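Chemist:
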Amino acid sequence: EKAGIIYSISMAGSTLGAAGPLLSLPLLEIGGSVVIAGLLPLVIVAAGRKSLPAKGTWIIFILILALITFFNKQNPIIAARPSPYKTLPQLQQLAGTKIIKTVYTIQGKIDQVESPFIRYVPGLSLHYTSPLPLQYAVIKDGDMQTTYYKIDPGGIPQFPTYTLPYAGYVPIQHPGNVLVLQNGGGTALPMAIASSPGRIIVCENNPIIAKHTKDAYADRNI
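Given below as structure tokens:
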């Protein structure tokens, strides 16, 4: 008899479930967002109680839990801890590793990390004997790493020319346009810069990482 209203309420709940983290993640981080999501059904239970004293007790209890969560979001009991085998926890075991900035978004947790042990140049030839530029990383959800290289402004990095993937640039000297499809990694951009192109276009599906990429190589025509 009330299929329409029940279905509309169900769809409204699904919508709130999807949109809620947009507001809760920046304020409460991951653990707090989970706790608040778990408390919401209790609000409905409390509102449906016929006994007013019982209803008031429920509501006070829920509000206390919500306030504890909001003002103590760093509580280790509710903190979300990634697997110790992921990239970020492994790096944090090494001396000198620092998390510079953390951003919580609907698309994942983004950490900017500096460490003397970030040395990411896959496929580098043994013929390259010069020092590598300083590196740091942006890590999504504790595991997906995008590496950035501190290249001198206006300078042309040499290390990318000693990697196997750079062979694709050899037949085409100074290309007009280079398209980089970025999905982690990080060496594709220094390779593109080393080819001295007219313009580099980068596709990155995470807006936080996209902005960081643009800022990291702000002196280049990206």
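Position 112 of the sequence shown, counting from 1, maps to 112 under our numbering, and the rest follow consecutively. Backbone N, C-alpha and C fix where the C-beta goes; we use that ideal spot for every residue, glycine too. Since the model is a prediction, treat every value here as computed from it, not as a measurement.
In this structure, how does DSSP classify G32 when only helix, strand and coil are distinguished?
Modeler: helix
Chemist: By the three-class DSSP mapping on this structure, what secondary structure does I99 have?
Modeler: Three-state result, I99: strand.
Chemist: Indicate whether I77 and G32 have their beta-carbon atoms separated by less than 8 Å.
Modeler: no
Chemist: Hey, would you say Q134 sits closer than 8 Å to F159, going by beta carbons?
Modeler: Rather than Gln, the amino acid found at residue 134 in this sequence is Leu. Cβ distance not < 8 Å, so L134 and F159 don't count as in contact.
Chemist: Assuming A210 is part of the alpha helix (DSSP H), what are its boundary residues?
Modeler: P207 to A216
Chemist: Please report the distance separating the alpha-carbon of A12 from that of P21.
Modeler: Between A12 and P21, the C-alpha separation is close to 15 Å.
Chemist: Determine the burial state of S24: buried for a count of at least 16 other Cβ atoms within 10 Å of its Cβ, exposed for fewer.
Modeler: Of the other Cβ atoms in all chains shown, 16 or more fall within 10 Å of the Cβ of S24; this residue is therefore buried.
Chemist: On the premise that P157 lies in contact with Y149, defined as a C-beta separation below 8 Å, what is that separation, rounded to the nearest angstrom?
Modeler: 7 Å
Chemist: Is the CB-CB distance between P82 and L88 below 8 Å?
Modeler: For P82 and L88, yes; Cβs fall inside 8 Å.
Chemist: Unbroken beta strand (DSSP E) runs of length 3 or more, entirely within the stretch 122-157: which are they?
Modeler: 135-140 and 144-149
Chemist: Taking the CB atoms as reference points, tell me whether G176 and G142 lie closer together than 8 Å.
Modeler: no
Chemist: From H212 to E29, what distance separates their C-alpha atoms?
Modeler: When rounded, the distance between both Cα atoms is 21 Å.
Chemist: Suppose contacts are defined by Cβ-Cβ distances below 8 Å. Is L65 in contact with L39 by that definition?
Modeler: yes
Chemist: Are there 16 or more other CB atoms within 10 angstroms of the CB of I193, so buried, or fewer, so exposed?
Modeler: I193 should be labelled buried.
Chemist: Is DSSP giving G38 helix, strand or coil here?
Modeler: helix
Chemist: Measuring only the C-alpha atoms, how far is K101 from P207?
Modeler: 16 Å
Chemist: I need the DSSP call for Y104, collapsed to helix, strand or coil.
Modeler: strand
Chemist: Buried or exposed: A216, going by 16 or more other Cβ atoms within 10 Å of its Cβ?
Modeler: It is buried - the Cβ of A216 has at least 16 other Cβ atoms within 10 Å.
Chemist: How many whole angstroms separate the CB atoms of S115 and L94, which I take to be in contact at a CB cut-off of 8 Å?
Modeler: 6 Å
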